[in-house]
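One structure is given here, and the rest of the page talks about it.
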Amino acid sequence: TMAREAVVSTQSTGGSTTTLPDTTEELTAYIQRLSEERDGIQRQIDVHTTTLKREGNVGMNGALIDEEQYPRSDIDLVAVRTARSQVICLTNDMRDVMGKVEEALTKLHENTRTGTGAQIPPVPVAAVPCRPPFLRVNGVLPGSPADEAGLQDGDLICQLGSLHKDNFSRLADVAEVVRLGVNKAVPLKIKRGDATFTRALKPRTWTGRGVLGCNVVELTQ
């Protein structure tokens, strides 16, 4: 018997070509695999984030020298530098995976619009528990990157890239994640009512102000 070959289509992303399954069933399975990969990457990021928190809560930008310009003796400098490097690499890996998820979701919606696929099944939600939200979305402008990512006023952000409630300290952290994510797929996990969604947000220049087209405000206790 002849093995059935999956029909695939290709999309070009940033100079590289991604081969996508063509049927709804295959696309759904593909998204599921990417979701599992994404969750594994996130668990690794969490491990290194815990290290940075344990070492004086230095985070990604805290000073590694003291007031006299000597290396700090109260933290493990090698562990901090290693953790920071790993977070950067893993965050890039996360963006790549989320970019693939976004492409697959686009293809899935195209199948539905053209009648080539069945009704779109629910997009898999991360297997790991969702962190508590720490930001609220306000003022999503039509046609903006935030609008294209499916954000709505009142959405609660549980995670933005590698940023979440446990390592967030100020809105400047958000600005830094957005700055580093311009023209890239930044993984985003939002809560809307009782539902949790995973999206890929691409900060970019558009016809409006800023690179998001929305405001975010810090949630207060």
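Quick note: the sequence shown, position 165, residue 148 per my numbering, numbers continuous. All residues carry an ideal CB built from backbone N, CA and C; glycine is no exception. Note that the coordinates shown come from a computational prediction; the quantities given were computed from them, not determined experimentally.
Please report the straight-line C-alpha distance between residue i and residue j, rounded to a whole angstrom.
| i | j | result |
| --- | --- | --- |
| Ile103 | Cys72 | At Ile103 the pLDDT is 42, less than 50, meaning the model places this residue with poor confidence; the figure from the coordinates comes in the next sentence. If I take the Cα positions, the gap works out to 33 Å. |
| Thr32 | Met81 | 20 Å |
| Glu9 | Glu19 | 16 Å |
| Val165 | Glu159 | 10 Å |
| Glu85 | Tyr13 | 12 Å |
| Glu51 | Asp57 | 14 Å |
| Tyr53 | Asp29 | 29 Å |
| Val106 | Gln15 | Confidence at Val106 is low in this model, with a pLDDT of 47, below 50, so the placement of that residue should be treated as unreliable; the coordinate-derived value is given next. Between Val106 and Gln15, the C-alpha separation is close to 8 Å. |
| Ser(-1) | Asp49 | In this prediction, Ser(-1) has a pLDDT of 49, which is less than 50 and means its spatial position is unreliable; what the coordinates show is noted afterwards. If I take the Cα positions, the gap works out to 44 Å. |
| Arg187 | Val70 | 23 Å |
| Gly91 | Leu134 | According to the sequence shown, residue 91 is Leu rather than Gly. When rounded, the distance between both Cα atoms is 19 Å. |
| Asp5 | Gly196 | 32 Å |
| Trp189 | Asp59 | 43 Å |
| Val278 | Leu146 | A query on residue 278 cannot be resolved here, the shown segment of the chain reaching from -16 to 204 and no further. |
If you compare alpha carbons, which of the options is closest to residue i?
| i | options | result |
| --- | --- | --- |
| Leu154 | Gln135, Thr203, Pro4 and Asp177 | Thr203 |
| Phe117 | Arg162, Leu47 and Ser152 | Ser152 |
| Leu184 | Val61, Val123 and Arg55 | Val123 |
| Ala168 | Thr181, Leu35, Asn44 and Thr34 | Thr181 |
| Glu201 | Arg187, Leu195 and Lys148 | Lys148 |
| Val41 | Gln27, Asn150, Leu163 and Pro128 | Asn150 |
For residue i versus residue j, is the C-beta spacing smaller than 7 Å?
| i | j | result |
| --- | --- | --- |
| Ile140 | Asp76 | no |
| Asp138 | Ile173 | yes |
| Leu47 | Arg37 | no |
Kindly indicate which three-state DSSP category residue i falls into: helix, strand or coil?
| i | result |
| --- | --- |
| Cys197 | coil |
| Val120 | strand |
| Val169 | strand |
| Ile28 | helix |
| Pro128 | helix |
| Ile14 | helix |
| Ile71 | helix |
| Thr203 | coil |
According to DSSP, residue i sits in a beta bridge with which residue or residues?
| i | result |
| --- | --- |
| Lys174 | Leu139 and Thr179 |
| Leu163 | In DSSP, Leu163 forms no bridge with anything. |
| Pro115 | Bridge partners of Pro115: none, in fact. |
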